[in-house]
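J.:
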Amino acid sequence: MKINRIMYFIAISAFLIACKKDPSIQDQISQQESEKEEVVEEDFNYVVEQFADLKILRYQIPGWENLTLKEQKLVYYLTQAGLSGRDIMWDQNYRYNLQIRKALENIYTSYNGDKSSKDWKSFETYLKRVWFSNGIHHHYSNDKISPEFNKEYLASLLKETKTQLNEDALIVIFNDADVKKVNQAKGVDNVALSAVNFYGPNVTNDDVTSFYGKIKSPNPDKPLSYGLNSQLIKENGELKERVYKSGGLYGAAIDEIVKWLEKAQGVAENKAQGDALALLIEYYKTGDLQIWDDYNVAWTAATEGNIDYINSFIEVYNDPLGYRGSYETIVQIKDFDMSQKMAVLSENAQWFEDNSPLMKEHKKDSVVGVTYKVVTVAGEAGDASPSTPIGVNLPNANWIRAAVGSKSVSLGNIINAYNNAGGSGRLKEFVHDEEEYELEEKYGQLADKLHTALHEVIGHASGQLNPGVGETKETLKNYASTMEEGRADLVGLYYLMDPKLQELGLVEDWEKVGKAAYDGYIRNGLMTQLIRLNLGDDVEEAHMRNRQWVSAWAFEQGAKDNVIEKVSKDGKTYFNINDYAKLREIFGELLKETQRIKSEGDFKAAEDLVEGYGVKVDQTIHAEVLKRNEQFTSAPYSGFVNPVLVPEMDENGEITKINVTQPKDFVSQMLEYSKSYGFLPEVN
341 MKINRIMYFI AISAFLIACK KDPSIQDQIS QQESEKEEVV EEDFNYVVEQ
391 FADLKILRYQ IPGWENLTLK EQKLVYYLTQ AGLSGRDIMW DQNYRYNLQI
441 RKALENIYTS YNGDKSSKDW KSFETYLKRV WFSNGIHHHY SNDKISPEFN
491 KEYLASLLKE TKTQLNEDAL IVIFNDADVK KVNQAKGVDN VALSAVNFYG
541 PNVTNDDVTS FYGKIKSPNP DKPLSYGLNS QLIKENGELK ERVYKSGGLY
591 GAAIDEIVKW LEKAQGVAEN KAQGDALALL IEYYKTGDLQ IWDDYNVAWT
641 AATEGNIDYI NSFIEVYNDP LGYRGSYETI VQIKDFDMSQ KMAVLSENAQ
691 WFEDNSPLMK EHKKDSVVGV TYKVVTVAGE AGDASPSTPI GVNLPNANWI
741 RAAVGSKSVS LGNIINAYNN AGGSGRLKEF VHDEEEYELE EKYGQLADKL
791 HTALHEVIGH ASGQLNPGVG ETKETLKNYA STMEEGRADL VGLYYLMDPK
841 LQELGLVEDW EKVGKAAYDG YIRNGLMTQL IRLNLGDDVE EAHMRNRQWV
891 SAWAFEQGAK DNVIEKVSKD GKTYFNINDY AKLREIFGEL LKETQRIKSE
941 GDFKAAEDLV EGYGVKVDQT IHAEVLKRNE QFTSAPYSGF VNPVLVPEMD
991 ENGEITKINV TQPKDFVSQM LEYSKSYGFL PEVN
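For the sequence shown, the working numbering assigns the number 341 to the initial residue and increments by one for each residue that follows.
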């Protein structure tokens, strides 16, 4: 489970053609050296470029030089493994994505015509947007990206550059088909109306629930994650899975992932880490979900060492029914100083559980194995790149979290890059008064860091299901993701106004930090996040929904006592918190109810909460927010290029050193990735 990157950025800044064949290590190093150049700057420039609604940033890897060569090799191999699966995410997002990307890239690199025209500039922007989103659907809204050029212009580019593109793929760029990557609307067939490539043609909601309803885990107390690593299709009217594995679906890319993971296993820091990698390799080879659980148990328990990673088909947000995992990888280096400071949350996890407002039967008697680290990201791929989370808590299986524990990480250098790349213009526009502005400026970043930590370490680890209640994806269905993220947010919100944080030495003034956190959350949930929606749109993204239903429910519950006041001043709307203590009580009430819904599997209550408070938007406020936002040029979404790890070799082909460089720009990195890691065929 991940903390969403976009909302954090907005909060802290007040928005802030052919497949490449199996290359050797030396081939990849040569390509990297020819395509990249090192950026050496005394004052690091975090901003790469901006286009459309997107800002491209870069991040550093502080402390790299302090790693041993063996540790550097481990990071390098894990990063290469991650990038080797990059095309999987593209194909998962939409069945024509790889065809379209390769065609657009061939045009970009081959076209010798007029590059000063408006159409060509629009073509360049469209290609960059497609790169950013790993496909033709917007990375956040899930809407199909509309090109600002017509079909005839693209057809002329294809002809002039002798580029092949299937007619169906060409047409779908411009027509009204497959308009939503993930459709979460109520009362429709979400699977049939979602363009995401997790399901074959003619597969419906009922097909999915029926298919998996008939499958029982060997051990019902340890349910396997059926559907996580496969595509469900109909073949001659019969449902069947195409499993992601070596020799199966995505096998060509998975074999490359395995190759690099085997190299990583050879330089593992310790036996536990090596054993976990061995299980991950076996899982990729077999697609066996029991091995996946065995791996997660081993990976969760492997807490020693300076290097860690996330790799495989993990988060289920892109599946409208929450079964199938998107491919993602994050390679991490421990930030020793910050991890030591924040480990106090892990050490006191039981106190937070015992003192939460949950019903007694929904509390865990023993919160086990919650580890929290601040980490430095060394590389990302798949669903984590270019748009990256800022915090992650895994594994997702409830039984593993209860029996073994979980790992929570905060991506310190990513957060630092966001902090150094933003401005304060939007904040001044949307805060109610100077006091709110000063609280955000002085305490906002700390409040956000603590909310991330509380959300991941305490939130996702808290609570338990009632005996006999199925997994949340089965009981709450299409509302499972937003309910879980809202529940974890509420845990963080409840404790951000608790003097316990000051007692633990995490803050110097718990009340001011808490106020800054509450101001930012309500301002965001009721107003500022709306800059990412077109007027008239419903809220569909899971995290965005949860912030709205939490904020809107709290606003309504406190209306009688004027806890949150809707203020009109000089023709502008603001939301001002008058009673922070009462608001904390309201958050506690909602947390209790949200946990009850999860623990009991109460689908109707989840539906009422999300549809009643999290989907529909106040159109008057939305129009006002969009109008007020027009004065700002900074893009509402941000993502990253990755640093490039370039090994130096001796005469025997052995790595002697690995240098960290920065890509020239976003375009060069995207083209390099396609050339070096394009292991999947164009047609799936």
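Beta carbons are placed, not taken as given, at the ideal position from N, Cα and C, and that holds for glycine.
Quick caveat, the model's predicted, so the values are computed rather than measured.
Scan the region 598 to 632 and note each continuous alpha helix (DSSP H) run of 4 residues or more that stays entirely inside, going in chain order.
T.: For the region 598 to 632, the continuous alpha helix (DSSP H) assignments of 4+ residues that do not extend past its boundaries occur at 611 to 626, in sequence order.
J.: Measuring CB to CB, does V656 end up less than 9 Å from N736?
T.: yes
J.: Check whether the Cβ atoms of I631 and A421 lie closer than 9 Å to each other.
T.: no
J.: Which stretch, first to last residue, makes up the alpha helix (DSSP H) that contains Q420?
T.: Its alpha helix (DSSP H) spans residues L409 to S424.
J.: Spatial neighbours of G928 within its chain, please: C-beta separation below 6 Å, excluding the five flanking residues on both sides.
T.: Excluding positions up to five away in sequence, the list reads P697 and Y834.
J.: Please state the DSSP three-state secondary structure of V847.
T.: The three-state reading of DSSP puts V847 in coil, since its state is none of H, G, I, E or B.
J.: Among Y635, K521 and K900, which one has its Cα closest to the Cα of L661?
T.: K521
J.: Using C-beta distances below 6 Å, list every residue in its chain close to K410, excluding the 5 sequence neighbours before and after it, in chain order.
T.: V607
J.: How should T822 be labelled, buried or exposed, when 16 other C-beta atoms within 10 angstroms of its C-beta is the threshold for buried?
T.: buried
J.: How far does the alpha helix (DSSP H) with S1014 in it reach, from first residue to last?
T.: F1006 to Y1017
J.: Could you tell me the boundaries of the alpha helix (DSSP H) in which V548 lies?
T.: Going by DSSP, V548 is part of the alpha helix (DSSP H) stretching over N545 to G553.
J.: Taking DSSP as the reference, what is the three-state secondary structure of G719?
T.: strand
J.: Taking contact to mean 3 or more Cβ pairs, one atom from each stretch, closer than 8 Å, check whether the region 890 to 901 and the region 987 to 994 are in contact.
T.: no
J.: Say whether the region 837 to 847 touches the region 859 to 878, bearing in mind that this needs 3 or more beta-carbon pairs closer than 8 Å, one atom from each stretch.
T.: no
J.: Look at the alpha carbon of L685 and the alpha carbon of Y712, and state the distance between them as a whole number of angstroms.
T.: Whole-angstrom Cα-Cα distance: 8 Å.
J.: Using the rule of at least 16 other Cβ atoms within 10 Å of the residue's Cβ for burial, across every protein chain shown, is D431 buried or exposed?
T.: When all chains shown are included, D431 counts as buried.
J.: Within a Cβ cutoff of 6 Å, which residues of the same chain sit near N760, ignoring the five residues on either side of it in sequence?
T.: Y386
J.: Could you check what DSSP says for L985 in three-state terms: helix, strand or coil?
T.: strand
J.: Does DSSP classify Q1002 as helix, strand or coil?
T.: coil
J.: Would you tell me roughly how many angstroms separate the C-alpha atoms of D459 and G453, rounded to the nearest one?
T.: 12 Å
J.: Which residue comes first and which comes last in the beta strand (DSSP E) that contains T669?
T.: T669 -> beta strand (DSSP E) spans Y667 to K674.
J.: Spell out a yes or no on whether the region 771 to 782 and the region 992 to 999 are touching, meaning 3 or more CB-CB pairs, one atom from each, closer than 8 Å.
T.: no
J.: Report yes if the CB atom of L510 is closer than 9 Å to the CB atom of L533, and no otherwise.
T.: no
J.: At the level of alpha carbons, what is the spacing between E947 and A882?
T.: 13 Å
J.: Around the Cβ of G876, are there at least 16 other Cβ atoms within 10 angstroms (buried) or fewer (exposed)?
T.: exposed
J.: Can you tell me the Cα-Cα spacing of K554 and N545, whole angstroms?
T.: C-alpha separation (whole angstroms): 15 Å.
J.: According to the neighbour-count rule (16 or more other Cβ atoms, all chains shown, within 10 Å of its Cβ), is S908 buried or exposed?
T.: exposed
J.: Drop a sphere of 10 angstroms on the beta-carbon of M699, count the other beta-carbons inside from all chains shown, and report buried for 16 or more, exposed for fewer.
T.: Under this definition M699 is an exposed residue.
J.: Per DSSP, what are the beta-bridge partners of R582 in this structure?
T.: Q571
J.: Can you list, in chain order, the residues of its chain with a C-beta nearer than 7 Å to that of P839? Leave out the 5 residues immediately preceding and following it.
T.: W850
J.: Curious, which full-length alpha helix (DSSP H) runs of at least 4 residues does the region 731 to 787 contain?
T.: At a cut-off of 4 residues, the continuous stretches assigned as alpha helix (DSSP H) that sit fully inside the region 731 to 787 are 738 to 743, 752 to 761 and 765 to 770.
J.: Under three-state DSSP, which class holds D529?
T.: DSSP, read as helix, strand or coil, puts D529 in coil.
J.: By Cβ distance, which residues of its chain are closer than 8 Å to E964, with the 5 residues on each side in sequence left out?
T.: K912 and T913
J.: Tell me whether the beta-carbon of W469 lies closer than 9 Å to the beta-carbon of A535.
T.: In the sequence under discussion, the amino acid at residue 469 is Arg, which differs from the Trp named in the question. Against a cut-off of 9 Å, the Cβ pair of A535 and R469 comes out as no contact.
J.: Let me know if P560 comes out buried or exposed under the rule of 16 or more other beta-carbons within 10 Å of its beta-carbon.
T.: exposed
J.: Alpha carbon to alpha carbon, what distance is there between N433 and L620?
T.: 23 Å
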